[in-house]
Amino acid sequence: MFSAKKRLDNAYKNATRIPFDDSSKFILFSDCHRGDNSFADDFANNRNIYFHALKHYYNEGFNYAELGDGDELWENLSFSSLLYAHKNVYMLMKQFHDEGRLHMIWGNHDMVYRDANYVKKYLNTYFDPKTGEDKDLFCDIKYHEGIVLEHSETKQELFLCHGHQADWWNYLFWKVSRFMVRILWKPLNVMGIADPTSPAKNYKELIKVERRTKKWITENDNLITIAGHTHRPRFPEPGDIAFFNDGSCVHPRSITGLEIENGEISLIKWQIATADDGTLKIVRILLEGPTKLIDYRT
Numbered sequence: 001m002f003s004a005k006k007r008l009d010n011a012y013k014n015a016t017r018i019p020f021d022d023s024s025k026f027i028l029f030s031d032c033h034r035g036d037n038s039f040a041d042d043f044a045n046n047r048n049i050y051f052h053a054l055k056h057y058y059n060e061g062f063n064y065a066e067l068g069d070g071d072e073l074w075e076n077l078s079f080s081s082l083l084y085a086h087k088n089v090y091m092l093m094k095q096f097h098d099e100g101r102l103h104m105i106w107g108n109h110d111m112v113y114r115d116a117n118y119v120k121k122y123l124n125t126y127f128d129p130k131t132g133e134d135k136d137l138f139c140d141i142k143y144h145e146g147i148v149l150e151h152s153e154t155k156q157e158l159f160l161c162h163g164h165q166a167d168w169w170n171y172l173f174w175k176v177s178r179f180m181v182r183i184l185w186k187p188l189n190v191m192g193i194a195d196p197t198s199p200a201k202n203y204k205e206l207i208k209v210e211r212r213t214k215k216w217i218t219e220n221d222n223l224i225t226i227a228g229h230t231h232r233p234r235f236p237e238p239g240d241i242a243f244f245n246d247g248s249c250v251h252p253r254s255i256t257g258l259e260i261e262n263g264e265i266s267l268i269k270w271q272i273a274t275a276d277d278g279t280l281k282i283v284r285i286l287l288e289g290p291t292k293l294i295d296y297r298t
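The C-terminal residue of the sequence shown carries number 298 in full-length UniProt numbering, and the numbering is unbroken.
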């Protein structure tokens, strides 16, 4: 497990397989980094945008696949602090889960979810201070390292993962990174100083991670691979290396994601815009696509 190739091979080989067809609808977000609503909580700035977007997808019958780093469990010790900071978001996610429409992948910032016992202990129920009792939350939820969406007719595969498999430091030494973030970078983050080990904030690291991922895709018959981790949206043209990235939910004043609908894929952005009458509203902007998935077949 020492090379990016072996880690990606392993994630793909052990991925949970989900059938889909041209009538299926998926929204892919990642890197929400939901925190405790403190000054260091990067998600807090965009939580209204995110909640509005996710509510739209819930009402439109989409599946929600979250590609890792949904919860910020490096800066924060417990899930409960995140739950109470962003309870409306988690209750909406619970609605997806209760209807079998929530598909979760762990990333480096929520790598504790690799442990099924940890997930069961902290995510199955939550304590309701009003009633003084535990209530059902994400009962029996499963977190995955990888998910393969397999088209039931064309047999085309889409491999979903967080993408830190190509980032050896943040995969193998995530506990060291977590310690550094909690002790050093969280207080510095409040002052605007970025963590240099994060590819999202270190361009040289970002390029290395993308290069390793693209090499793996090329060696696997240009398998459509969709990741997060670097926070940089990617939407290749058919014929190019089929490496997609959904971006993140912690861009300044906007979130990005990938939609899969009608057998097509699109890169979208949600942001706040000013209406003609001076009021603010949240709008969806199409950045790339829609492009037919079948066009990416080699």
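Glycine included, each C-beta is placed from N, C-alpha and C at the ideal position.
Rounded Cβ spacing between residue i and residue j (contact assumed at less than 8 Å)
i           : j           : result
residue 70  : residue 34  : 6 Å
residue 141 : residue 16  : Wrong, their Cβ atoms sit about 12 Å apart, outside the cutoff.
residue 47  : residue 103 : With a Cβ gap of about 21 Å, residue 47 and residue 103 do not count as contacting.
residue 268 : residue 286 : 6 Å
Distance between residue j and residue i (C-alpha atoms, nearest Å)
i           : j           : result
residue 31  : residue 66  : 8 Å
residue 281 : residue 49  : 9 Å
residue 10  : residue 226 : 16 Å
residue 12  : residue 164 : 13 Å
residue 288 : residue 260 : 12 Å
residue 134 : residue 74  : 25 Å
residue 291 : residue 205 : 29 Å
residue 107 : residue 145 : 8 Å
residue 94  : residue 138 : 6 Å
residue 283 : residue 232 : 20 Å
residue 153 : residue 266 : 21 Å
residue 247 : residue 53  : 15 Å
residue 278 : residue 214 : 44 Å
residue 256 : residue 245 : 10 Å
residue 82  : residue 264 : 34 Å
residue 121 : residue 273 : 41 Å
residue 236 : residue 55  : 28 Å
Sub-9 Å separation of residue i and residue j beta-carbons
i           : j           : result
residue 25  : residue 59  : no
residue 241 : residue 222 : yes
residue 8   : residue 216 : yes
Cβ-based burial, residue i [other Cβ within 10 Å; buried from 16]
i           : result
residue 79  : buried
residue 149 : buried
residue 76  : buried
residue 253 : exposed
residue 136 : exposed
contact_flag[the stretch 112 to 121, the stretch 154 to 164] where n(CB pairs < 8 Å) is 3 or more
no
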